[in-house]
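Below: one structure, written as structure tokens.
In our numbering, the protein residues as written are 72 to 216.
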């Protein structure tokens, strides 16, 4: 019985660590998304000069985000780590995956378009940004300050 309890304790500790790692990784990824938006949104609004290299780097980051997101929401990461992930992610996994897929498609289209001027950047950025907003509206819980 002691061995069983020890094994169970190890499993719980390891599972908790994995969940914490996934939560931390997705939070870091989302923070980087936010930092990227702080660069791209002012360009899209005409408040900062258009910078094609920065735009492309941002769009490539968004593709990377879409590629990594599906693995960062295992069942064991529903809670803990001050997560802002809504339970809807696990209740509607198909919808969440569809949202990620739409984000990826628009980010990949933006990379492929390689916008060379403000107007084409604004079009590509608008589609990507809309996906971010839609996903946050449905699958994120805003923490109160």
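No residue lacks a Cβ here, since even glycine has one placed at the ideal position from N, Cα and C. Nothing here was measured: the structure is a model prediction, and the numbers come from that model.
- If you ignore the 5 residues before and after residue 160, its C-beta comes within less than 6 Å of the C-beta of 144, 167, 210, all in its own chain and listed in chain order.
- Annotation for residue 105: no residue places its beta carbon closer than 7 Å to its own, counting only its chain and skipping 5 residues before and after.
- Its chain contains 151, 152 as the residues whose beta carbon lies nearer than 7 Å to that of residue 91, once the 5 sequence neighbours on both sides are disregarded; these appear in chain order.
- Using a 10 angstroms sphere on the CB of residue 164, the tally of other CB atoms stays under 16, which defines it as exposed.
- Per DSSP, residue 201 is one residue of the alpha helix (DSSP H) stretching across 189 to 210.
- Here the alpha carbons of residue 146 and residue 108 stand approximately 29 Å from one another.
- Taking a C-beta distance under 8 Å as the contact criterion, residue 94 and residue 140 do not qualify as a contact pair.
- DSSP, read as helix, strand or coil, puts residue 91 in helix.
- When the Cα atoms are used, residue 200 and residue 193 turn out to be separated by approximately 10 Å.
- Uninterrupted alpha helix (DSSP H) stretches at least 4 residues long and entirely within the stretch 139 to 169 occur at 159 to 162, given in chain order.
- If you ignore the 5 residues before and after residue 158, its C-beta comes within less than 8 Å of the C-beta of 149, all in its own chain and listed in chain order.
- Residue 130 is positioned such that its CB atom lies closer than 8 Å to that of residue 181.
- Counting C-beta atoms within 10 angstroms of its own C-beta, residue 177 has 16 or more neighbours from the protein chains shown and is therefore classed as buried.
- Ranked by Cα distance from residue 188, the options 110, 120, 113, 137 are led by 120.
- The beta-carbon distance between residue 196 and residue 124, rounded to whole angstroms, is 15 Å. This is too long to meet the 8 Å contact definition.
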